[in-house]
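Reviewing the structure listed below.
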Amino acid sequence: MVMDMSQNESTTLRRLALPGGEIAYTDTGTGPLVVAVPGMGDTRATYERLGPRLVEVGYRVVVTDLRGHGDSDTTFTSFGDAVTASDLVALLERLDAGPAVLIGSSMGGSAALIAAADRPDLVRGVVLLAGFLRESTSPATGALLRLAYRILFARPWGGAFWAWYVRSALSNGRPTPGLDERVAGLRAAYRDPARLRSLRRLAVSLDHREVERRLTDVRVPVLAIYGSTDPDFSDADAELEYARETLGADGLVLDGVGHYPQLQAVDEVASAVLPFLARSTDHPDNDA
């Protein structure tokens, strides 16, 4: 499989063997290493607008799929923030290209922070795109949500429900270029019973208390970007302030943007991410 990441380069799909299966990733460009991870129910395509921007200005961009998502195997039995963090660490060790800046969307941001806490020798910085820093529900509410997820992500309606939710709630606010194709792709992917099972297992496994416990162990620079209309955060400004207080993060809240700023507001995201990368890496432009 070949995925175009820019007009001048193409990227071959690669695989990393892990206990329980293989995860898929692509590797494009040369320069300081950036590793990007999607969130629940999403694929590498979530970085199809941001990734090429980084490659074009001299970064090596690796984008991975989550367990059971995209082109990764559906044979995994464990999911969540912590195991995704361990997968990121394994990928960084496999790449053996020195420390990287990690970019994480949604729960991928939680995993990136745990990886940074676990292995500061492998991580230069973390970019959070609607990243979760804490668990917002009580144990009782969490139990009810897990029960709801088992029903909502069941066959035969689970894939259609997720596609509807991405369109109607998570992508609210500004228009998302290519949203029809994105939603159709998700709907098609989750017609596969094994892939839908992986999504359901991840949904019922998610618990952000682990990342909340590890925030004090993160010692690398953090950039946090949130959207003002993201339904996952009742107060995006308060979430950014929490990131500043707990992580010393820089960041911004984008007006009229939902859960996928990298798709809805790529120009503004790139304008924030590129200076952060320049400060966090040995990019040649830093010597100018």
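Once you know that position 170 of the sequence shown is 170 in UniProt numbering, the rest is easy, because the numbers rise by one and skip nothing.
For every residue, glycine included, the Cβ atom is placed at its ideal position computed from N, Cα and C.
Check: Same chain only: Cβ atoms within 6 Å of Q7, ignoring 5 sequence neighbours per side; Outcome: Residue confidence for Q7 is low, a pLDDT of 37 falling below 50, so the modelled location carries little weight; the figure read from the coordinates is stated next. Closer than 6 Å at the Cβ level, and outside the excluded window around Q7, lies no residue.
Check: Proximity below 8 Å, CB of F132 to CB of H208; Outcome: yes
Check: Cross-strand partners of D27 (DSSP beta bridge); Outcome: V62
Check: Identity of the residues DSSP links to E22 by a beta bridge; Outcome: A17
Check: Rounded distance between the beta-carbons of V220 and V83, thought under 8 Å; Outcome: At roughly 21 Å, the Cβ-Cβ gap does not stay under 8 Å, so V83 and V220 are not in contact.
Check: DSSP three-state assignment for A270, whether helix, strand or coil; Outcome: helix
Check: Per DSSP, the bridge partner or partners of D250; Outcome: L223
Check: Beta strand (DSSP E) runs wholly inside the region 75–148, at least 3 long, in chain order; Outcome: 100–105 and 123–129
Check: Host beta strand (DSSP E) of residue 292 (start-end); Outcome: This structure cannot speak to residue 292, because the chain is shown only from 1 to 288.
Check: Residue nearest to A224 in terms of C-alpha spacing, selected from I103, P175, L147 and A111; Outcome: I103
Check: Under 8 Å between C-beta atoms of V204 and R134; Outcome: no
Check: Check whether Q264 and V273 have beta carbons under 8 Å apart; Outcome: no
Check: Cβ-based burial, E48 [other Cβ within 10 Å; buried from 16]; Outcome: buried
Check: Member of L33, P156, P19 and L113 whose CA lies at the smallest distance from the CA of A243; Outcome: L113
Check: Same chain, Cβ closer than 7 Å to G173, neighbours up to 5 away in sequence not counted; Outcome: G227, T229, G256, V257, G258 and Q264
Check: Distance between beta carbons of W162 and L145, contact taken as under 8 Å; Outcome: Not really, about 15 Å apart at Cβ, beyond 8 Å.
Check: Cutoff 7 Å; reference E212; Cβ partners in own chain excluding five residues on either side; Outcome: L133, R134 and E135
Check: Backbone CA spacing between R124 and A236 [nearest angstrom]; Outcome: 25 Å
Check: The alpha helix (DSSP H) enclosing E212, as first and last residue numbers; Outcome: R209 to R214
Check: Range of the contiguous alpha helix (DSSP H) that encloses D180; Outcome: L179 to A189
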